[in-house]
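Student: Numbering (UniProt numbering), first residue to last: 1 to 222. The beta-carbon is built from N, C-alpha and C at its ideal position, and this holds for glycine as well.
#1: Go to residue 74, then tell me how far its beta strand (DSSP E) extends in each direction, as first and last residue.
#2: Where does the unbroken alpha helix (DSSP H) through residue 142 begin, and where does it stop?
#3: If residue 167 sits next to residue 158, beta carbons under 8 Å apart, how far is it from one beta carbon to the other, in whole angstroms?
#4: Please list, in chain order, all residues of the same chain as residue 44 whose beta carbon is under 8 Å from its beta carbon, the five residues on each side excluded.
#5: Could you check what DSSP says for residue 10 in three-state terms: helix, strand or coil?
#6: So residue 99 and residue 106 are supposed to be a Cβ contact under 8 Å. How far apart are they, rounded?
#7: Would you say the stretch 48-65 touches the stretch 84-93, given that touching needs at least three Cβ pairs under 8 Å?
#8: In the structure shown, what three-state DSSP assignment does residue 165 receive?
#9: Between the beta-carbon of residue 144 and the beta-carbon of residue 169, is there less than 8 Å?
#10: Between the alpha carbons of residue 111 and residue 82, how many angstroms are there, rounded?
#11: Give me the residue from 66, 96, 141, 34 with the minimum Cα distance to residue 191.
#12: Let's test the definition: count the other Cβ atoms within 10 Å of the Cβ of residue 27 and tell me whether it reaches 16, buried, or not, exposed.
#13: Do residue 164 and residue 129 come within 8 Å of each other at the CB atom, strictly closer than that value?
#14: Residue 202 and residue 211 look like a contact to me (Cβ under 8 Å); what is the Cβ gap, rounded to whole Å?
#15: Since residue 191 sits in a beta bridge, which residues does DSSP pair it with?
#16: Using the three-state DSSP reduction, which class does residue 105 fall into: helix, strand or coil?
#17: Start and end of the alpha helix (DSSP H) containing residue 92?
#18: Among the candidates 195, 18, 40, whose CA atom is the shortest distance from the CA of residue 66?
#19: Less than 8 Å between the beta carbons of residue 155 and residue 176, yes or no?
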């Protein structure tokens, strides 16, 4: 039996062309807008502190976007360089001793410092692995970012209960910037091969954008 070709109306062609244009332009436009907004935000914070004689806008009639961000990156790098030598370490130590004497400031500073040290520490595996846990009930699965194994008093208490627990971060969708910290038995986590970037895309899209996956080949015994 011969298949009868389906005729597409002119209106349907226009709609398909419009949707194709949206698919092409929307990601590019949104990406450029986000980058531009970030540059504007960085410039608005940094440029007021740049002396006028070092501001290129004083010599050119055209604004240079991203100049404030460039200065911020250079400044942070210089501070890191100074913090690695003896004089810089002494200055940092004096500053930390002052902050540690402030009752209200001390816990905030120490918590933020520990957070950045754990995330930015070399060879750290924090939040670099993605997994699945049963949440909020049995048979329902949620995607989590694996932080680290329980440490300190938590690890001691869990060991007393005979449990090896892992700290995981359970983000919401579509904005995965807040969420829940959960301690889950290690053997209850189903580890995934996808990267945190792919997991973030899946969360932000509400499950619409799934990363490519090639199942491993099963070698049958001869």
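Tutor: On the basis of the data shown:
#1: For residue 74, there is no enclosing beta strand (DSSP E); the enclosing alpha helix (DSSP H) has its first and last residue at 67-83.
#2: Taken as a continuous stretch (DSSP letters only), residue 142 belongs to no alpha helix (DSSP H), being part of the beta strand (DSSP E) at 141-149.
#3: That pair is no contact at about 11 Å.
#4: 68
#5: helix
#6: 6 Å
#7: no
#8: strand
#9: Yes, they are a contact pair.
#10: 23 Å
#11: 141
#12: exposed
#13: no
#14: 7 Å
#15: Among the bridge pairs identified by DSSP, residue 191 is matched with 131.
#16: helix
#17: The continuous alpha helix (DSSP H) containing residue 92 extends over residues 86-100.
#18: 40
#19: Going by beta carbons, residue 155 and residue 176 fall outside the 8 Å limit.
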